[in-house]
Amino acid sequence: MEARTYHTPVLLQEVLFYLLTARNGFYVDGTLGGGGHAEAILRQLESSGKLMGIDLDDDALAAAGKQLARDSDRVLLVKENFRNIKFVLSQNGVMSVQGILLDLGVSSFQLDEPAKGFSFQADEPLDMRMDRRQELDARHIVNRYDEQALVDLLWTYGEEKHSRRIAKAIVRQRAEEPIETTGALAVLIERTVGKQFLNKSLARVFQAIRIEVNNEMENLRQALSDCVDVLQPGGRLVVISYHSLEDRMVKYAFRAASALSIPSGNKIIPDTPLKPVLKMLTRKPVTASEREREINPRSRSAKLRAAEKV
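All residue numbers for the sequence shown refer to our numbering, where the first residue is 17 and numbers rise by one.
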């Protein structure tokens, strides 16, 4: 499969509009995937403009490398978690950047690649690791977490109203035999909630487990903080989220940074002037047009927020 068939970039024109402020700047795609957004960004830059792409997925990095090959002298691809963006930049001698894009959630790479276990639409081993080097996977969570831990997980990260029933069913089933595949888990959920609620419950349960496996909310919290630190004045941070937990975290982080804040390391003393760190560019999230929703179903739940360093 060719690299460009893996991923249709979501909200592409909106990303370019909010992200790009200098055609000779240094930009970071912190969630590279197949390189669709990165390629479009590079097309808008002058020959002196550069881009760093960060991803944990070896297949994504390989495919993006092929897709961006003609610009290899202006591109640096790094295998790392985007939460470590400040470290990655410093390791490569970059102290500040003009813009950062974070396209959150599961990429088409994870969903379409067999044996990664992200999708409930195929029968694959329960895995869901974005970083194959880590030990914790979906199989361990489903088969080893106690019932209350499962309830808390499904409710907190999936906002699943049937969390108690599903957790109880998981514990009952695994007492007979381990739950090894996405298909087996999907069948269990169907038996528990019925067909009326099946699709929403499947999406919520798989989302919750995936977030736990990959520590996604903590990664995002750390990344948002570090992204603000490494942006140049006038530089922009653009974030695309796909579920309410992510969107709320981004919204509150942007709001907090655009309010009065205390400079890092500064002691609070009377009459100390305080100023915002960010200026919000999107008071409400930007969503996909009807046409894009029809062409690219992944865009239906996408919400874009953008802010500028002051």
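Where a beta carbon is used, it is the ideal one built from N, C-alpha and C, also for glycine.
Residue i in three-state terms, based on DSSP
i      : result
Arg20  : At Arg20, the pLDDT of 39 sits below 50, so the modelled position is not reliable; the number obtained from the coordinates is stated separately. Three-state DSSP puts Arg20 in a helix.
Thr197 : strand
Ser257 : strand
Pro25  : coil
Leu92  : strand
Val110 : coil
Unbroken beta strand (DSSP E) run spanning residue i, endpoints
i     : result
Met68 : Lys66 to Asp71
Given residue i as reference, the closest of the options once Cα atoms are compared
i      : options                           : result
Leu290 : Pro301, Ser274, Thr303 and Met296 : Ser274
Met233 : Pro194, Phe98 and Arg148          : Phe98
Met377 : Leu294, Ile101, Asp73 and Glu206  : Here the chain comprises residues numbered 17 to 326, so residue 377 is not present and cannot be evaluated.
Asp263 : Leu236, Cys243 and Val44          : Leu236
Asp89  : Gly65, Asp75, Phe103 and Ser106   : Gly65
Met296 : Leu218, Ser260 and Val255         : Val255
Thr208 : Glu192, Arg181 and Gly251         : Arg181
Arg316 : Glu324, Ala323 and Glu306         : Glu306
Phe270 : Arg160, Ser260, Tyr258 and Leu253 : Leu253
Arg39  : Gly115, Gly49 and Asp45           : Gly115
Glu96  : Val302, Val26 and Arg148          : Arg148
Glu176 : Gln150, Asn215, Val203 and Leu152 : Asn215
Per DSSP, cross-strand counterpart(s) of residue i
i      : result
Glu324 : Arg252 and Lys295
Leu169 : None, per the DSSP bridge assignment.
Asp119 : Ile256
Lys374 : No statement about residue 374 is possible, as the shown extent of the chain runs from 17 to 326 and does not include it.
Pro141 : Thr197
Residue i, enclosing alpha helix (DSSP H) - first and last residue
i      : result
Asp245 : Glu232 to Val246
Val8   : There is no way to answer for residue 8, as the model of the chain reaches only from 17 to 326.
Glu55  : Gly52 to Gln60
Glu176 : Per DSSP, Glu176 belongs to no alpha helix (DSSP H) and is neither H nor E.
Asp87  : Unbroken run through Asp87: none, as it is neither H nor E.
Asn159 : Ala154 to Arg160
Arg307 : Glu306 to Ile311
Residue i burial status per 10 Å Cβ neighbour count (16 or more: buried)
i      : result
Lys132 : buried
Ala19  : Per-residue confidence for Ala19 stands at a pLDDT of 38, beneath the threshold of 50, marking its modelled position as unreliable; the derived number appears in the next sentence. Buried, since its Cβ has 16 or more Cβ neighbours within 10 Å.
Met227 : Per the sequence presented here, residue 227 reads as Ile, with Met not at that position. Burial call: buried.
Thr21  : Confidence is the limiting factor: at Thr21 the pLDDT is only 42, short of 50, which leaves the residue's position unreliable and the question unanswerable from this model.
Met144 : buried
Met17  : The predicted position of Met17 is uncertain, since its pLDDT is 35 and thus under 50; no value can be drawn from it.
Ser217 : buried
Gly109 : exposed
Val326 : exposed
Phe222 : buried
Arg155 : buried
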